[in-house]
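One structure below.
Protein chains in written order, with our numbering: chain Y, 32 to 310; chain H, 32 to 310; chain E, 32 to 310; chain D, 32 to 310; chain C, 32 to 310; chain B, 32 to 310.
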């Protein structure tokens, strides 16, 4: 799902960043001929995301490594559970270990956090959306992990969707002007989303022809009124100040989407370790 | 402090990742001639890190942007405080905003979290160290932010230091063998660090000639005994299970360094926003 | 409008492709100190597109070149008209000339051809759209030239819009299934376009919820019926077999868009020459 | 014949340009498991060029695709003829289709047009030459297609041959000076070609020691006289204003080469389509 | 031992540098179907270094080439001895030959020269060290060859070790200040080396806490005194003016390391040729 | 004369290779604010080559550095002579010093050695030619230095000239076949050179139409006979076993060119040092 060219570039650059002119410890201490098997273990309950990428890092380092996964993307592992077995030359495994874990722990961390939000609103019609608040260079990976966690992807970048924010609106002299300009200029394949702050702006956006209306930092009472006002004539996204405690309240207002920057900009890494279990 | 070539590559790749074939919203809604001034505001108390890089992203997007910082790296800003003023073409500012914030919020986030650990052990001789648990592609940036927060950098990658871990030890048939091999093979410029799990291994590492001994997941009682045993003959690093609540206990055992993966792998983004304040 | 990073990469790669290990003629025959002025002249009536890029190639080769344009993008030049004056070191001008012209002649060629289609349907509500049938590596340039010629851009790539073609439909087991799957899986920012071959499929697409319906290779009678059937409930794009002779007939059926691959895949280069006029 | 490194770079960049952050349609509508066979069909009479590159694009996208060609480079296909069968995962085939066709249609288009010129002068000793008027980034591909169409390659870039044009001549103060300087400075492996406008210049170039004389925009009477004058002491290239109607007249003057920019800068894409024929 | 990513980049860039737009001779003179076997022969006595890289160049050019080595890295070959047999398509072998030899001859040249220095000091405890005086872009290769020749690697780059030279010392206001600053700022994994010119500076460096002391351009009498003074409290490196005639005198002073720039900046290429022996 | 794109890439890659994650010594020991002036001094008599590139490395590292050259390319400097003054931030100068010297010392080394060969044959008509035996990645730099030393460049790569060697000849079934094939297939801009071993082959090559004949490893008596035989009908290159002692004998046989691999594959670095002279 992540384009192969991006995947390979990330792995290549991350390995080069870490290994640089060589893994001096492994080169000095191992002969290079030692073989063995390592296990990747969860050290807390997590949702697996990026198992194929985790595998790919080891193979990029050494084509002869055997990688046997115990889980697929989207499955959960409990604390102490085994995620994968990795066999082959220990020097290859040890040199790739940290890069492989850095990528994989981030992806599992995002999926695990996303899943908590998704579970928190289960039974409502709302969907959890990500944002563009991702790590520089890792957007494809961050957004893939969101999907694995049960979330949905908002636009992949500035190129992939029209979102008219308050600054655009003021620059254009109001919502109607901004939407009208957009209707004349954007590729027909894209919808138009407008960020609004209050019910007056909701009405303006609706009448201007917005396809999606984003309610920014509104309280849930106003959200409910906005949902009534819009009445199915546009999709509705709620944004701003979402936490695990209040996300269900947001969902129950009847909005279509709830977008959350924290699932990518502040997700803690999932706790996963790699241990040599036999030699 | 971050090599200029790496800085420019990150900015170029991050802008390309976000802008791709073009910022369709800005191109559609703005004429391109609108000018104005934006402010970057802290939305919580933070330590500033990466202000020069934040500036550089805007300049990469448009050389004519004026960037006036209110803070230097390492200074604090309180909630609602202004960090910088950015003036110029609004189209340029809006197209670069998200990438600039993504990088800057991460760096401030790391510095702010690091500072909390550093403050927690003030008055002890211990230093906070980072690890290689950084974002793929962002290591130079993550580690720079740690320094700004008052921490110290452990090795920059596998190329930049010898750290003999349990897996290397078992592959080499024991600590003495592993250290002896390392002494024979590594560049003379590098010290040798050995990871140990208990006091017996501390003694082995010491007699084998380790320059630094890393106490991995030991309790503070054992750490104190290790400090006595080593008695200045090697530097001592404590690692594993460090939190803001227990870090002072660690420091008071007398170790030289405490390394913490979480300051880079799980630092939440600092909350910073950009607002157009005049046009 | 073309992202600066892409612009500079194209210029760098094109210059390297042409100059390689060096311009042996210029190095051998000129001393390097000769200066003078060249003129870029139209050798047929054309629409100018890419004048800024044309300039940029010379400046990339030599920062001290003076480039004075006589036209802006979108303006016309008649046969023999002057497009720009280029002054500076002759060695720099001559080494960059062919690359500069190759890019510029293509862009003007596309804009000139597009303009002919746009003029042919003037007075109707239809818009000319481009396709993804562009030169590998030059899409941003080809599509920019289409806009300059008065056309509109369809999606920039597979990432930038959903277009469900006959093959997708058959793979998914029919239009309804295909559209339903798309509705569940795509980013909310994107509309859904469906390619149809006949009026039955038009109805299916409409009821499935398509935002845009592409009439593929239909005759104008069927197109008119499709327009009636759809009746404003979706946008309509006509595609296939469009020529300068029949494009107006297409437009007069009432469709919203007419897409034409030939304006990019088969546009002849505009005839432009560069002549040293003084030394 | 096209260096492998360039081939792979073009394919990688073209796929990235088109697919970007992902083929949203295929990802949304297909499950990814559908398999089937597609046919590439000629929709007009064409000369095949680049069949191996066409295949390579699909394999780059998915190594498991089966590609069975019906034609080799240089062979003709009639309208409706099958060029190749492509089997495998439909998602892989559909995501690579447009890029594969964009490259292949251009190459076949160039070869087909070149072949028309070659056929038009059959029986004469003249050879059709290409120029440096190629698509930026595609020169190796454009020039390979010319050879497949029966043409010959002029220099590959400014690095690969000495061609002293009118501007070089005036900068050097005359033909004799220019050629003399070149004789002293160029690598011995390269011949010297001089562009001339009339018979006086032909004599100058000849006496100065030119290896090849290019007759620029001369009429056929003057060309014949130039051929007599030169009398085998240099190779002769005719250039400028060549069309399918007059190319035979040019050839019959006795020149060795006729160079034509249009076969690369203005060749229309060959009409080729890809259709899923079984699933 | 050379990171695989660097190895492949060097080979790709070197092949592109040499082959560029194509090997015109091989393409013109061979049909492409000729097969045969070539031998790589030593034309003088050499130490083999880089045999795996030599092989890799041919395989990068053509995966079907068979490469059978007669020697491993570190083994010697006498004049006329066979180093390897290379079989496959002659066009592939001939196009890769020069690049393969250029890399391999340099590496063998360095290893052969290094070995002479290593042999000259056999029986002493001193080790031969390289420097950063390597070919731009080839450091990993140059330093690998030094190890194969029996030498040891000093730091791989400015990132990999602290070496305080006279300029740093004067900038910091003396040795003590410079070392003190370094102790406070460098990563704990790195030792501190200080360059000194006389015995007074030796004492300063020692008392300041230097881990390694580099005696720069001292005579052997002073070196002996320095060895006495230091008395095992720091490692000692001798540097400057080392030749094959005086290196043993240096070694016999009791220093730990002797560093020699000439083994990389001035090593002559080993004389090796490639000959087709059967077709 | 070296294309700017290649120059900047080499400098960027060489700086990144050396500095990597940062110059730990300079960062630790200097405050970054110290300024001063350094001198580049010759430590032996040399020919300067690459002074502009030497300057460019410092400017790439820090745009504010002042670089004042005392010599131009091609001029000589005696032992202890000053080549250039470099002023600015000491941290910038020290971090760039080694890379700048590595490139510059190699280029001066090549020019100095070439000049010795050129002087050795002064008064004869022969010219010194280089070969493709250059450092991988540095060909443009190596060949530029040869020209500065008074030599001439043979082809820049396999793309830039036809040289039919013994292996091509045997693959093609003899000299006549090989040359005939080449005449039919190569771009008209290129001459044909044939390598021969004896006088019989000289005659074959001449009658086949070779433009240049390379006498490989012939003794001077045979060379003289070859010169008589050829009698101006082709250019003549002597190759193989050339030393400073015998090069004049080669030249006096009357050949046009003498090619020498050693001037690039085995040139020792010129001895140049950089010293801070004021602060």
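Glycine included, C-beta positions come from ideal geometry on N, C-alpha and C.
None of the values given here were measured: they were computed from a predicted structure.
Identity of the residues DSSP links to residue i by a beta bridge
| i | result |
| --- | --- |
| residue 183 of chain D | D:160 |
| residue 166 of chain H | Answer is none; residue 166 of chain H lacks a bridge partner. |
| residue 71 of chain B | B:115, B:305 |
| residue 202 of chain D | For residue 202 of chain D, which the question treats as bridged, DSSP gives no partner whatsoever. |
| residue 244 of chain D | D:225, D:267 |
| residue 100 of chain B | B:115 |
| residue 288 of chain E | E:158, E:268 |
Beta carbon proximity, residue i to chain B, threshold 9 Å
| i | result |
| --- | --- |
| residue 35 of chain E | no |
| residue 51 of chain E | yes |
| residue 172 of chain D | no |
| residue 190 of chain H | yes |
Closest residue to residue i among the options (Cα-Cα distance)
| i | options | result |
| --- | --- | --- |
| residue 256 of chain B | B:82, B:195, B:229, B:242 | B:229 |
| residue 142 of chain H | H:37, H:303, H:249, H:182 | H:182 |
| residue 106 of chain B | B:119, B:131, B:79, B:124 | B:79 |
| residue 20 of chain E | E:222, E:112, E:278, E:248 | Outside the displayed range of chain E (32 to 310) lies residue 20 of chain E, so it cannot be described from this structure. |
| residue 123 of chain E | E:99, E:132, E:145, E:94 | E:94 |
| residue 305 of chain H | H:117, H:144, H:52, H:156 | H:117 |
| residue 221 of chain C | H:205, H:71, H:191, H:245 | H:191 |
| residue 292 of chain D | E:104, E:233, E:129, E:289 | E:129 |
| residue 164 of chain C | C:119, C:59, C:71, C:270 | C:270 |
| residue 69 of chain B | C:199, C:223, C:217 | C:199 |
| residue 134 of chain H | H:144, H:104, H:81 | H:81 |
Three-state secondary structure assigned by DSSP to residue i
| i | result |
| --- | --- |
| residue 132 of chain D | helix |
| residue 196 of chain C | coil |
| residue 251 of chain C | helix |
| residue 66 of chain E | strand |
| residue 55 of chain H | helix |
Residue i versus residue j - alpha carbon distance
| i | j | result |
| --- | --- | --- |
| residue 32 of chain C | residue 61 of chain Y | 12 Å |
| residue 110 of chain D | residue 148 of chain D | 20 Å |
| residue 284 of chain Y | residue 263 of chain Y | 13 Å |
| residue 266 of chain H | residue 267 of chain C | 22 Å |
| residue 251 of chain H | residue 281 of chain H | 6 Å |
| residue 238 of chain H | residue 185 of chain Y | 58 Å |
| residue 65 of chain E | residue 168 of chain D | 30 Å |
Closer than 8 Å: residue i CB and nearest the ligand ADP heavy atom
| i | result |
| --- | --- |
| residue 130 of chain C | The ligand content of the structure shown is nil, which means the ligand ADP is not present either. |
Closer than 9 Å to chain Y by CB, residue i
| i | result |
| --- | --- |
| residue 220 of chain E | yes |
| residue 98 of chain E | no |
Chain D contact for residue i (CB, 9 Å cutoff)
| i | result |
| --- | --- |
| residue 129 of chain C | no |
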